[in-house]
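Okay, structure first, notes after.
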Amino acid sequence: MLSLWLIPNHQAYRQLAQHIKALSSLDDSPRFCPHLTLLSGLLEPAELLAPKLAAWAEELLPIALDFHPCGELEAHYRCLFLNKQANSKIDQLRTEAQQLFEHLELHPFVPQLSFLYGALPIFNEESKGQTIPLHFDRLQLVHTAPRPNEWEILTEIKL
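Numbering (full-length UniProt numbering), first residue to last: 1 to 159.
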């Protein structure tokens, strides 16, 4: 399966990757790259998607989003951080991507940034009111195999 990810800028990426590494070592959960899945279930081959993605990225600017700790969500691959901005830039970007790229709607869109794939509650109630601003400046086309250690970045484009 192919997915389209938004990637945080380099400073945020390094910090998030350190958190993910530390958390994964607590319970031997998988390590993965910091990302926000914009669209999954892309149907076209990567060779056809890459030029379309590059053309679209030329029109886009880096995007800033605020994230709020939320604890874990119902699914293994959706844990710990959630973007709670209603009608935000991410929703607009998602709508554009849906119109441009043929895809299967596998799950309802929940814009989140995960730190952990598993179930390990690490946030206390006080931290849930905090806001973490993040800036995303790259798009990646990723082959998302069943296990995170099999994921493969096929192309990366700067916004």
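For every residue, glycine included, the Cβ atom is placed at its ideal position computed from N, Cα and C.
Sequence-distant residues of the same chain with beta carbon closer than 7 Å to residue i, five excluded per side
i	result
I157	L53, A54, A57, R138, L139
For residue i, the first and last residue of its enclosing beta strand (DSSP E)
i	result
R94	Counting along the chain, R94 falls outside any beta strand (DSSP E), though it belongs to the alpha helix (DSSP H) covering 89-100.
Bridge-paired residues (DSSP) for residue i
i	result
R138	I7, K158
H103	L42
A145	In DSSP, A145 forms no bridge with anything.
D28	DSSP output for D28 lists no bridge partner at all.
L65	L134
I153	V142
L16	DSSP lists no partner for L16.
L2	L42, H143
Cβ neighbours of residue i in the same chain (closer than 8 Å, five flanking residues each side left out)
i	result
L93	L6, L38, L60, I63
R147	P30
E102	L42, L43, E44
residue 168	Given a span of 1 to 159 for the chain in the structure shown, any question on residue 168 remains unanswerable.
L48	none
Nearest-angstrom beta carbon gap, residue j and residue i [assumed within contact, 8 Å]
i	j	result
L2	A46	6 Å
L113	P34	7 Å
Residues of its chain near residue i, where Cβ-Cβ distance is below 6 Å and the 5 sequence neighbours each way are ignored
i	result
A50	T155
N9	H135, D137
T144	M1, S3, W151
S24	R31
Closer than 7 Å: residue i CB and nearest the ligand HEM heavy atom
i	result
H107	In the structure shown, the ligand HEM is absent, as is every other ligand, since no ligand is present at all.
Validate contact between the stretch 37-54 and the stretch 98-115 using beta carbons, cut 8 Å, 3 pairs: yes
Stretch pair the stretch 8-21 + the stretch 146-157: three plus CB contacts closer than 8 Å: no
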